[in-house]
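In what follows, a single structure is set out as structure tokens and then discussed.
Number of protein chains: 2
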Amino acid sequence: MTTLRKASSNAARRSEASRQAILTAAFDLVNEVGYAKLSIEGIAARAGVGKQTIYRWWPSKGMVLFDAFLMLGEGSDGEAVLPDTGDLEADLKAVLRATVAELNDPRYDEPMRALNTEIMHDPALAAAYAERLDGPMKELKRQRLRDAQRAGQLADDLDLDVAVEMLWGPLLNRWLQRGGPLTSEYADAVVETALNGLRPRR
Amino acid sequence: MTTLRKASSNAARRSEASRQAILTAAFDLVNEVGYAKLSIEGIAARAGVGKQTIYRWWPSKGMVLFDAFLMLGEGSDGEAVLPDTGDLEADLKAVLRATVAELNDPRYDEPMRALNTEIMHDPALAAAYAERLDGPMKELKRQRLRDAQRAGQLADDLDLDVAVEMLWGPLLNRWLQRGGPLTSEYADAVVETALNGLRPRR
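Taken in order, these protein sequences are the chains called B and X.
Under this note's numbering, the first sequence has 72 at position 72, and the numbering climbs by one with no breaks.
So the number in this note's numbering is just where the residue sits in the second sequence, counting from 1, plus 1000.
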């Protein structure tokens, strides 16, 4: 029984090592060759596994890439929260500036564009993304806004989903569509405009 | 000379007819087969032209599709403006609801996702899109906001570029990422939240 258990545990370790090698290979490779040329064959060769190993676990290159992003998140602790210094405007600016830096990071640019391409064309992947990656992130954002709302810093009747889209949406769009420079100044302007609204404050 | 001129004019007409046949074929075909399977060969076959004719005029299938979108716009008159009834909130809701209807139109869904995919991965196409399609649209939007600003309905120091992104960005994002239902109610909520801002109005 011990031998059996050891064999099974060794197999699990080998599986986990293969999984990590595949996900790392997918992430690296999409950066090097671009998403259009990313293939299961290429990922398999880079990871040193047979392509059947990949097909056994993932239905498409989009899902491999999606899991590669999930793996990136596994390193950070699960208790992540957005900063709360009591100064909502400053905290939001810090977080949106960090988002800008991430979107501008050349290591993530091509993989994130690839993931967004797949989401755009594959409703099943979009649902997985909404549930497992974007959903938890949005809940963190809503939580910070909810605390501010309780402290009277945000309107009582504010729809927090709309508020989250209004803060992060303009950054994501500008990045996706390359519609203009994605800078810290832009992040600051978005925060100020969203908080104050377009109408004059008297 | 008359004969020469007639021949040249006939050639121009034939070119224009081919151009329109190619653009229509691209638009129809991307709807039927999806963007991944759209090919220059397929467009050529559907349009009844040789593929060299397409390659002579366009460097990629993305640029063909982009011109197909430009052609759609050619039908509308060049004097388009956003509605101005004096009620900014009502006007913006009408326009954003129309945007929602367009994004939800099954005829445009796949071609627009395809165009956005290309924009995401092709900086040259993104620049052409920003200059020739998105730029003029954004100027119309800014113009309506500028008029409201002059009438004292919007903050004096409002950055109109940020305001435009804050109104239309959440719709585009929700559509691109399939992040939730894209409805008239959502359009209304975006307009109200953007105008009032996240902070309480006292």
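C-beta: ideal position from N, C-alpha, C; glycine also.
- Closer than 7 Å by C-beta to A163/B: which residues in its own chain qualify, once you throw out the five before and the five after it? Chain order, please. L145
- For D67/B, is the classification buried or exposed, using 16 other Cβ atoms within 10 angstroms of its Cβ as the cut-off for buried? buried
- Message: When you compare the CB positions of A1025/X and A1007/X, do they come within less than 7 Å of one another, or not?
- Response: no
- Message: I need the straight-line Cα distance from D1188/X to D91/B, nearest angstrom please.
- Response: 28 Å
- Would T117/B be called buried (16 or more neighbouring beta carbons within 10 Å of its own) or exposed? buried
- Looking at the structure shown, is P59/B part of a helix, part of a strand, or coil, going by DSSP? coil
- Query: Under the rule that 16 or more other beta-carbon atoms within 10 Å means buried, what is G1197/X, buried or exposed?
  - Reply: buried
- Query: For Y997/X, is the classification buried or exposed, using 16 other Cβ atoms within 10 angstroms of its Cβ as the cut-off for buried?
  - Reply: Shown here, chain X extends from 1001 to 1202; a query on residue 997/X therefore has no answer.
- Item | Sequence ranges, alpha helix (DSSP H) only - wholly within the segment 46-128 of chain B, length at least 4 | 51-57, 61-74, 88-104, 106-121 and 123-128
- Query: What does T113/B touch in chain X if you count any residue whose Cβ is under 8 Å from its own?
  - Reply: The sequence as given places Arg at residue 113/B; Thr does not occur at that position. Going along chain X in sequence order, the residues near R113/B (Cβ under 8 Å) are M1120 and H1121.
- Task: Starting from the beta carbon of V1162/X, find every residue of chain B whose beta carbon is closer than 8 Å, and list them in chain order.
- Result: P170, Y186, A189, V190 and T193
- Message: Once the 5 residues before and after G34/B are set aside, which same chain residues still bring their CB inside 7 Å of it?
- Response: E110
- Message: Threshold first: 3 residues or longer. Then list the beta strand (DSSP E) segments lying entirely within the segment 1118-1182 of chain X, N to C.
- Response: none
- Task: Within the same chain, show all residues whose beta-carbon is closer than 8 Å to that of L954/X, passing over the 5 residues directly before and after it, in chain order.
- Result: Chain X is shown only over 1001 to 1202; residue 954/X falls outside these bounds and no answer can be derived.
- Select from L1125/X, R1202/X and P1083/X the residue whose C-alpha is nearest the C-alpha of K1061/X. L1125/X
- Item | Members of the segment 1134-1145 of chain X near chain B, C-beta cut-off 8 Å | D1134 and L1145
- Decide if the segment 1085-1101 of chain X is in contact with the segment 84-100 of chain B; the criterion is three or more beta carbon pairs, one per stretch, under 8 Å apart. no
- Does M63/B come within less than 7 Å of chain X when only Cβ atoms are used? no
- Task: Return no unless some Cβ of chain B is closer than 7 Å to the Cβ of L1029/X.
- Result: no
- For A1036/X, which three-state DSSP category applies? coil
- Message: Checking 7 Å against the spacing of the C-beta atoms, do P170/B and M1166/X come in under that value?
- Response: yes
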